[in-house]
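Contents: one structure, followed by commentary.
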Amino acid sequence: MTLTLGINACRARSGGAVAHLIGLLREATPAEYDIGQVHVWSYRKLLAQLPEAPWLLKHGAAELESSLAHQLWWERFKLPKQLNETGCSVLLNVDAGSVCRFRPSITMSRDMLSYEPGEMERYGFSVARLRLVALRYVQNASLRTADGVIFLTRYAAEVVQRACGPLENVAHIPHGVGAEFCDNPTDRSWPEDGTRPIECLYISNALPYKHQWHVVEAIAQLRKQGHGIRLVLVGGGEGEAQERLEAQIAQSDPHNEFVSQHEFVPQLTLPGFLASADLFVFASSCENMPNTLVEAMAAGMPIACSDRGPMPEVLEDAGVYFDPENPESIAAAVADMIANPEKRSRLADRAKERSRRYSWGRCARETLAFVAQTAKRAGKTN
-12 MTLTLGINAC RARSGGAVAH LIGLLREATP AEYDIGQVHV WSYRKLLAQL
38 PEAPWLLKHG AAELESSLAH QLWWERFKLP KQLNETGCSV LLNVDAGSVC
88 RFRPSITMSR DMLSYEPGEM ERYGFSVARL RLVALRYVQN ASLRTADGVI
138 FLTRYAAEVV QRACGPLENV AHIPHGVGAE FCDNPTDRSW PEDGTRPIEC
188 LYISNALPYK HQWHVVEAIA QLRKQGHGIR LVLVGGGEGE AQERLEAQIA
238 QSDPHNEFVS QHEFVPQLTL PGFLASADLF VFASSCENMP NTLVEAMAAG
288 MPIACSDRGP MPEVLEDAGV YFDPENPESI AAAVADMIAN PEKRSRLADR
338 AKERSRRYSW GRCARETLAF VAQTAKRAGK TN
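Going left to right, the sequence shown walks through residues -12 to 369 as the numbering used here numbers them.
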């Protein structure tokens, strides 16, 4: 019997969610799992980026180009009707904030800010924090009513289930990493003679849990110790986190000598930043699946990494860890990499090897297999 899969991507707007859907569909071979058609509902910009395939049908809606309230109304009341009209036998929600009621359904868990202890408190009493509280309730309801749940890491599965309770049908399926990172040629000759500074790279937008200001302070400490090093920040930012970062840069680097920040850049330009850097720093304290960390691993970078969240699960023994809220700890990890060339090279090679498990092919295979298995459990085939 043949399945018809519906994918609810109407609010998949983060970089990770977009990359996931594109990578999944590019590598998908639905016929191998008795899936005849795949219907995707999303907004125009994302639909335009999806691959073309005879089994893939794309659907938009005017409400998905409008306000969040319109999107939620459409998802709650119109999407179920369209799923039935197109003969969908199972639904994949690509995030747990879905309000669509359709069975059987599989929900992906992406958000950790609503669950990681202490992270919501960074937002003080604000609209952003109230949104996270509300999102936690919505996500808990979506996860509990789903027939299957996909987590990106085992760490995320453990933390989220402490809040929503144990879930019966769970899969751990990480994102993949693009070939442009794996095949990216690098010319990373270490600046032994001091003819140029060591370039330290951190790719992430400025947010309260990303701690770029602590990284800036750490690099300033290393320069005071005599290390020729500079910091490149990629990702831009806004609000209080960006203001805090700018204040720290003004204090630590008042003459703009060693810190530069790039605004949001296209995904395809990131391999170039990685190729020109000597070290990669990842200082986040809250992640579900740290995509930029995996990309740096695939590029064969020496990595100094936060010891929080799922980072040790992903990087394992292929980096040097630090406390992301302690500039001295960050500085010590980077200094360790600088002082030990053999260790630096060994960990970079190990990181690249560890990254091979994160492929879009594997992600697509495991996702479609889980979809088929969940639909079979529910007795839902056409």
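Note that CB positions come from ideal geometry on N, CA and C, so glycine has one too.
Cβ-based neighbour list, residue i, same chain, cut-off 6 Å, excluding 5 preceding and 5 following
i    : result
V125 : G84
G163 : G10, Y345, S346, W347, C350
H57  : E50
E167 : P258
P184 : G215, I216, R217
W61  : A48, E50
A305 : L334, R337, A338, R341
Y308 : C292, D294
A228 : A193, L194, P195
N127 : C151
Residue i and residue j closer than 8 Å at C-beta
i    : j     : result
M95  : S101  : no
F269 : Y189  : yes
P195 : A362  : no
L51  : Y30   : yes
V371 : F260  : Residue 371 is absent from the model: the chain starts at -12 and stops at 369.
F267 : A285  : no
H26  : G(-7) : yes
L139 : N(-5) : no
S342 : V281  : yes
E155 : G296  : no
S271 : S191  : yes
E186 : S263  : yes
E340 : H198  : no
L44  : Q69   : no
A193 : S239  : no
P67  : W42   : no
M298 : P314  : no
For residue j and residue i, believed in contact at Cβ under 8 Å, the rounded distance
i     : j    : result
T(-9) : C87  : Not confirmed; about 16 Å, so no contact.
A143  : M99  : 6 Å
C151  : L130 : 5 Å
L78   : F89  : 5 Å
G2    : Q254 : 7 Å
Beta-carbon proximity list for residue i, same chain, < 7 Å, skipping 5 on both sides
i     : result
L209  : I216, A318, V321, A322
A(-1) : V5, L8, S29, L33, V81, D82
R141  : H159, E300
L122  : G84, D98, S101
E250  : G223
V157  : V136, F138, A144
G105  : none
S316  : F309, D310
E303  : R341
Other residues of its chain near residue i: CB distance less than 8 Å, five sequence neighbours each side excluded
i     : result
Y20   : L(-10), L355, A356, V358, A359
Q178  : In the sequence as presented, Gln is not what sits at residue 178; that position holds Pro. If we look at P178 and ignore the five residues flanking it on each side, its Cβ neighbours are P184, I185, G215, D265.
Y110  : R116, L119, P195
I22   : T(-11), L(-10), T(-9), L(-8), W42, L355, V358, A359
C(-3) : W28, S29, Y30, A48, L51, Q58, W61, E62, L66
A365  : V77, R90, P91, D134
Residue-level contact to chain D via CB, residue i, 8 Å cutoff
i    : result
I160 : Here there is only one protein chain, and chain D is not present.
Inset, instruction - Indicate whether the contact test is met: 3 or more Cβ pairs, each with one atom in the stretch 230 to 250 and one in the stretch 193 to 211, closer than 8 Å. - result: Yes: at least three Cβ pairs fall under 8 Å.
Inset, instruction - Within the stretch 223 to 268, note down every full beta strand (DSSP E) run reaching 3 residues or more, in order along the chain. - result: 246 to 249
Legend entry - Every unbroken beta strand (DSSP E) within the stretch 149 to 196, with a cutoff of 3 residues, ordered by chain: 157 to 159, 185 to 190
Legend entry - the stretch 125 to 136 / the stretch 287 to 306 touching (three or more Cβ pairs under 8 Å): no
Inset, instruction - Starting from the N-terminal side, write out each stretch of the alpha helix (DSSP H) that is 4 residues or longer and does not extend beyond the stretch 60 to 126. - result: 66 to 72
Legend entry - In chain order, each alpha helix (DSSP H) run of at least 4 residues that lies wholly inside the stretch 332 to 364: 347 to 364
Inset, instruction - Could you pull out every unbroken beta strand (DSSP E) segment of at least 3 residues lying fully inside the stretch 3 to 31, listed in chain order? - result: 22 to 28
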